[in-house]
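Chains A and B are the protein sequences, given in the same order.
This note's numbering puts the first sequence at residues 41 to 348.
This note's numbering puts the second sequence at residues 14 to 475.
Every residue, glycine too, gets a C-beta built ideally from N, C-alpha and C.
Heads up: the structure comes next, in structure tokens.
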Amino acid sequence: MRILLLSLLISTLILPNSSAREVNNHCSCQSVRQLSLQNPLLKGDDIWELQSQLKELGFYQGDLNSTYDWKTYLAVRNFQYNRGLEETGIVTDQTWFKLGDELTKDLPLKASNNKLALPKGEVSILVNGYKRQMTVYANGEAFHSFPVAIGKPSTKSPVGEWAVIAKDKDWGGGFGVRWMRLNVPWGIYGIHGTNKPGSIGRAASHGCIRMFNRDVKVLFEWVKVGTRVKIIGTRDSVEMKYNIDPGRVGEDVLILQEELRKQGFNPGYTDGRFGKDSKDAMEEFKLFYGLKDDLVADDNTFYILNIK
Amino acid sequence: MTESSKKTLNWKLIIAIMLAIAIASGGITFYLKYQSRSKPFTIDPEVMINPDKEYHVSYWDYDLLIGHDEDYKQFLQESIEQFNKKFHNIKVTYQLLPFSTGEEKLRESLSLGTPPDIYDDIFSSKLISKELQIPVNLLFEEGDRDKYRGISALVYNNKIWGLPNWLIPQTWVANQKMLNASGVDLIKIKSQGWSWDEFLQSAIKVKDSHDDAYIVFNPYNSEIFYQLLTTMEDDNLLSADGSSLNRQTLMTIFIFLDKLRKERIFPRKINKMNKRLIAGLWEGDAGIIAPINIFLLNNLLKRDHKERYVDISLLPIPSNSSNHKVPIKVTSLLLFRQQEYQGDDHSKAVYQFAKFINQEKNLYLAQKLKAIPAYLPLQRSWQDSVKLSSNLKKEMLSYVDRGVYRSITSNYDLKEGLNKIIDKHYQEFWLKTISPEQVVDDIINENINYLNQGKQQKVEEN
Numbered sequence: 041m042r043i044l045l046l047s048l049l050i051s052t053l054i055l056p057n058s059s060a061r062e063v064n065n066h067c068s069c070q071s072v073r074q075l076s077l078q079n080p081l082l083k084g085d086d087i088w089e090l091q092s093q094l095k096e097l098g099f100y101q102g103d104l105n106s107t108y109d110w111k112t113y114l115a116v117r118n119f120q121y122n123r124g125l126e127e128t129g130i131v132t133d134q135t136w137f138k139l140g141d142e143l144t145k146d147l148p149l150k151a152s153n154n155k156l157a158l159p160k161g162e163v164s165i166l167v168n169g170y171k172r173q174m175t176v177y178a179n180g181e182a183f184h185s186f187p188v189a190i191g192k193p194s195t196k197s198p199v200g201e202w203a204v205i206a207k208d209k210d211w212g213g214g215f216g217v218r219w220m221r222l223n224v225p226w227g228i229y230g231i232h233g234t235n236k237p238g239s240i241g242r243a244a245s246h247g248c249i250r251m252f253n254r255d256v257k258v259l260f261e262w263v264k265v266g267t268r269v270k271i272i273g274t275r276d277s278v279e280m281k282y283n284i285d286p287g288r289v290g291e292d293v294l295i296l297q298e299e300l301r302k303q304g305f306n307p308g309y310t311d312g313r314f315g316k317d318s319k320d321a322m323e324e325f326k327l328f329y330g331l332k333d334d335l336v337a338d339d340n341t342f343y344i345l346n347i348k
Numbered sequence: 014m015t016e017s018s019k020k021t022l023n024w025k026l027i028i029a030i031m032l033a034i035a036i037a038s039g040g041i042t043f044y045l046k047y048q049s050r051s052k053p054f055t056i057d058p059e060v061m062i063n064p065d066k067e068y069h070v071s072y073w074d075y076d077l078l079i080g081h082d083e084d085y086k087q088f089l090q091e092s093i094e095q096f097n098k099k100f101h102n103i104k105v106t107y108q109l110l111p112f113s114t115g116e117e118k119l120r121e122s123l124s125l126g127t128p129p130d131i132y133d134d135i136f137s138s139k140l141i142s143k144e145l146q147i148p149v150n151l152l153f154e155e156g157d158r159d160k161y162r163g164i165s166a167l168v169y170n171n172k173i174w175g176l177p178n179w180l181i182p183q184t185w186v187a188n189q190k191m192l193n194a195s196g197v198d199l200i201k202i203k204s205q206g207w208s209w210d211e212f213l214q215s216a217i218k219v220k221d222s223h224d225d226a227y228i229v230f231n232p233y234n235s236e237i238f239y240q241l242l243t244t245m246e247d248d249n250l251l252s253a254d255g256s257s258l259n260r261q262t263l264m265t266i267f268i269f270l271d272k273l274r275k276e277r278i279f280p281r282k283i284n285k286m287n288k289r290l291i292a293g294l295w296e297g298d299a300g301i302i303a304p305i306n307i308f309l310l311n312n313l314l315k316r317d318h319k320e321r322y323v324d325i326s327l328l329p330i331p332s333n334s335s336n337h338k339v340p341i342k343v344t345s346l347l348l349f350r351q352q353e354y355q356g357d358d359h360s361k362a363v364y365q366f367a368k369f370i371n372q373e374k375n376l377y378l379a380q381k382l383k384a385i386p387a388y389l390p391l392q393r394s395w396q397d398s399v400k401l402s403s404n405l406k407k408e409m410l411s412y413v414d415r416g417v418y419r420s421i422t423s424n425y426d427l428k429e430g431l432n433k434i435i436d437k438h439y440q441e442f443w444l445k446t447i448s449p450e451q452v453v454d455d456i457i458n459e460n461i462n463y464l465n466q467g468k469q470q471k472v473e474e475n
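Next comes the structure, spelled out in structure tokens:
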């Protein structure tokens, strides 16, 4: 009995945990909070975003330390004064929108009007993280493009091939007016609007795809549950430390799927789920290389796929 | 004669005529079928391809450049276009099969009587259907036969059942640095081959070279069994009449494998040594790994450049025969006819394309896959152009020179049935540590059951 308990304890400590984290109903993006100089000092990714936007406009010269400190406070007041806002040093939606106007006025980014025709046929979406652009395809043909914000370097958007699994109109707060959740297995990610329009065209979110509120309203009508969404862009490196068994979910599964596909095997969508298609691809892979043992992606597999 | 008796007579006459027609046509059909079955299939050498007729040839292949399927499709497309410059009336369509189900798909098409005209037999199954497979010697033109190496691998009942494509020397992969450090005489092994006992002694040296050193045989792949079999003096698994298994041959192989097992040359967890096959090699623990197919070998050779502590070397399979022959796998193009025979001129059109892809286009793939072309005029060009170190190239060609080809010994169904039985018990031998006597008994008993089932089935069908 003791041995059993001990082994359970050890396995809890050492077993890999790259499968989907327990998730709640909110995505990793925070709702908009009011920012001001306080004691203790406020910290957070929203302050990093504020500092980076102010810096880009030349109002802030300090480090991007994610802390609402004295330098940040002065920069906010300076910006508010310059743009005819009430000079409070408190950041509300009004300040965020003004920052957005300033940042996007010289960029070739335009919010769509909602009079666009409906795309005909099957709709799919490509989010290009490098260009910060979303292209909507109708029956495989590019139909319309929108500017987007993607995850910032520390919280990158999930690169992979996903599907919309839920749509919602009433999230409000920092999520703008529409929300479309993706089936990313290791967290809650989606496409939504924003009250920080200045972030559009930038790597600024917690991983979600942000759009102008007007754009997201248009997109919402085109997309249904099941619509495929492919995200390309940079990602953090994933170390292939553990064997990957059928049924597992996680970023390592997604890397395995991508490498299998590169080598000519077909694991289906690269969605981080070791499901039937991935099993078929592994079977073909093991047969092809004469391994023939099981469907587990092990060190042999990683070496052959050149990910070890 | 009254009117009514006339009517009766007419009816009787009509029925009699109808019966006579039915019997005659049935008889003719039976005769024709019997004739066609009993007569061996032949092709009239005088028949020519009709330049005014359009021929449709189907070609089933595998995605041999897996991961670069577009390149391969382009290669096939361009080859067909080039072929059509010479034979504009022979239209070729191709299909790339999945590796795991390709052969099954071929068997299904054969059972329906609609196989493709040409099938790329990369698994070296050779004789898949005596009924619908066309012996290529019926289509050979003068001198064709002498232009190939490896023909003997495809001979059965004095017929040649395929056009040899590539010769693949069967080798085991070694970490040369490790073997040199263990004092194993690699130069001698490569140039003269080695006996089973010499392999055992060398494996012990490798094992003793450092604490984590070992040899890996993948227990899930019975290819090693067949490789060892091919190197034996008596390499026939079946008795002379094909009705039973050769116990002595089976025992010899499993006793040798058991001896290796008892000498503890493998990783400690022998039933999991498959997991150390590639990992063990690249981590510097595995001195020799086997079996390695051509695709895995290519993968290893690609990585070899970037590994500093491993230097890949190809070892001949140890042999227990005096002349230390090296087993060579021969892949080939198999030609089929359909149940509704399309004519000798169609078969000749098929042969023209098979010959074109097998002779004029084979170099491209042989270079990419590092397999030696069986068509002799291509071997010199292969030697000059294949991207392999000169040592590896020399080794491969030398192995082909000393090569032995496993010939066709039984029909396809029997061979497949036996392969499945051997696969299963070969695995169990390793995974459940079964003794040689037990595993051979198990194989023989299961084979008897299999053959009896076959007989039973035939009786029921009749």
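| field | Distance CB(Ser420/B)-CB(Glu324/A) smaller than 8 Å | value | In this structure, Glu324/A does not lie closer than 8 Å to Ser420/B by Cβ.
| task | In the DSSP assignment, find the beta strand (DSSP E) that holds Gln173/A and state where it starts and stops. | result | First-last of the beta strand (DSSP E) with Gln173/A: Gln173 to Ala178.
| field | Three-state secondary structure assigned by DSSP to Val336/A | value | DSSP places Val336/A in the coil class of the three-state scheme, outside both helix and strand.
| message | Please identify, using Cβ separations under 9 Å, the residues of the stretch 327-344 of chain A that lie next to chain B, in order along the chain. | response | For the stretch 327-344 of chain A, which is checked against every Cβ of chain B, the residues closer than 9 Å are Leu327, Phe328, Tyr329, Gly330, Leu331, Lys332, Asp333, Asp334, Val336, Asp338, Asp339, Asn340, Thr341, Phe342, Tyr343 and Ile344.
| query | Taking the alpha helix (DSSP H) that Arg120/B falls in, what are its first and last residues? | reply | Here the alpha helix (DSSP H) through Arg120/B covers Gly115 to Ser124.
| query | What in chain B is Cβ-close to Lys302/A, meaning under 7 Å? | reply | Neighbours of Lys302/A in chain B, taken as residues whose beta carbon is under 7 Å from its own, are Gly80 in chain order.
| field | Touch test, the stretch 332-344 of chain B against the stretch 308-319 of chain B, Cβ-Cβ under 8 Å, three pairs minimum | value | No contact exists between the stretch 332-344 of chain B and the stretch 308-319 of chain B.
| said: Please classify His101/B as buried or exposed, where buried requires at least 16 other C-beta atoms within 10 Å of its C-beta. | reply: The residue is exposed, with fewer than 16 neighbouring Cβ atoms inside 10 Å.
| Would DSSP call Met191/B helix, strand or coil? | DSSP places Met191/B in helix when its eight states are reduced to three.
| task | Alpha carbon to alpha carbon, how far is Asn234/B from Phe136/B? Give it in angstroms, no decimals. | result | Computed Cα separation, rounded: 14 Å.
| request: Flag this pair as yes or no: are the beta carbons of Leu75/A and Ile87/A separated by less than 8 Å? | output: The Cβ atoms of Leu75/A and Ile87/A sit closer than 8 Å to each other.
| task | Give the straight-line distance between the Cα atoms of Asp157/B and Phe269/B, rounded to the nearest whole angstrom. | result | Distance between the alpha carbons of Asp157/B and Phe269/B: 41 Å.
| query | Any Cβ of chain B within less than 8 Å of the Cβ of Glu323/A? | reply | For Glu323/A, the answer is yes, since a Cβ of chain B falls inside 8 Å of its Cβ.
| message | Using only CA atoms, which one of Phe252/A, Asn283/A and Val188/A lies nearest to Gly241/A? | response | Each of Phe252/A, Asn283/A and Val188/A was checked against the Cα of Gly241/A, and the nearest Cα belongs to Val188/A.
| task | Could you tell me the boundaries of the beta strand (DSSP E) in which Met322/A lies? | result | Boundaries for Met322/A: no beta strand (DSSP E) harbours it, while the alpha helix (DSSP H) harbouring it runs Lys316 to Phe328, taken from the DSSP string.
| In whole angstroms, what separates the C-alpha of Gln392/B from that of Tyr439/B? | Distance between the alpha carbons of Gln392/B and Tyr439/B: 36 Å.
| Between Phe342/A and the rest of its own chain, which residues show a CB-CB distance below 7 Å, the 5 nearest in sequence each way excluded? | Counting only Cβ-Cβ distances below 7 Å, and skipping sequence neighbours, we find Met280 and Lys348.
| field | Short-range partners of chain A found in the stretch 127-148 of chain B, where Cβ spacing is below 8 Å | value | Residues are counted here when their Cβ sits less than 8 Å from a Cβ of chain A; for the stretch 127-148 of chain B the count is zero.
| Inter-residue spacing [alpha-carbon to alpha-carbon] between Asn371/B and Glu408/B | One C-alpha to the other measures close to 24 Å.
| query | Between Leu382/B and the rest of its own chain, which residues show a CB-CB distance below 7 Å, the 5 nearest in sequence each way excluded? | reply | Contacts found: Leu77, Ile307 and Asn311.
| query | Taking the beta strand (DSSP E) that Leu143/A falls in, what are its first and last residues? | reply | From DSSP, Leu143/A is part of no beta strand (DSSP E) but of the alpha helix (DSSP H) over Asp133 to Thr144.
| query | Can a CB atom of chain A be found closer than 8 Å to the CB of Lys381/B? | reply | Chain A, which has no Cβ nearer than 8 Å to the Cβ of Lys381/B, makes this no.
| message | So if DSSP puts His69/B in a beta bridge, which residue, or which two residues, is it bridged to? | response | Partner(s): Lys104/B.
| request: Closer than 7 Å by C-beta to Phe183/A: which residues in its own chain qualify, once you throw out the five before and the five after it? Chain order, please. | output: For Phe183/A, where only same-chain residues beyond five positions count, the Cβ hits under 7 Å are Pro159, Val176 and Tyr177.
| message | Within the continuous alpha helix (DSSP H) that includes Glu299/A, where are the two ends? | response | Here the alpha helix (DSSP H) through Glu299/A covers Glu291 to Lys302.
| Taking C-alpha atoms, which residue in Gly238/A, Lys326/A and Gly216/A lies nearest to Gly230/A? | Looking from the CA of Gly230/A, the closest CA among Gly238/A, Lys326/A and Gly216/A belongs to Gly216/A.
| request: Please compile the residues from chain A whose C-beta is within a distance smaller than 9 Å of the C-beta of Leu309/B. | output: Simply Phe328, Tyr329, Gly330, Leu331 and Ile344.
| Leaving out five residues before and five after His359/B in sequence, what residues of the same chain have Cβ atoms less than 7 Å from its Cβ? | Taking His359/B as the centre and dropping the five residues before and after it, the same chain places the C-beta of Tyr68 closer than 7 Å to its C-beta, in chain order.
| request: Run the proximity test for Lys383/B: is its beta-carbon closer than 7 Å to any non-hydrogen atom belonging to the ligand NAP? | output: As presented, the structure is devoid of all ligands, the ligand NAP included, so that no description of it is given.
| query | Considering only C-alpha positions, which residue in the set Ile205/A, Asn122/A and Ile249/A is nearest to Tyr170/A? | reply | From the listed residues Ile205/A, Asn122/A and Ile249/A, the smallest Cα separation to Tyr170/A is found for Ile249/A.
| Integer Cβ distance of Trp179/B from Gln146/B, believed to fall under 8 Å | Not a contact, Cβ separation roughly 19 Å.
| task | Could you please give the first and the last residue of the uninterrupted alpha helix (DSSP H) stretch that includes Met409/B? | result | Segment Ser403 to Asp414, the alpha helix (DSSP H) holding Met409/B.
| query | Touching or not, the stretch 184-193 of chain B and the stretch 293-303 of chain B, by the rule of three or more beta carbon pairs under 8 Å? | reply | Segments in contact, yes.
| query | Straight-line CA distance for Val256/A to Lys437/B? | reply | One C-alpha to the other measures close to 58 Å.
| request: Rounded to whole angstroms, what's the CA-CA distance from Leu464/B to Leu431/B? Just pull it up for me. | output: Rounded to whole angstroms, Leu464/B to Leu431/B spans 10 Å at the Cα level.
| request: May I have the straight-line CA-CA distance separating Phe230/B from Tyr412/B, to the nearest angstrom? | output: A straight line joining the alpha-carbon of Phe230/B with that of Tyr412/B spans about 21 Å.
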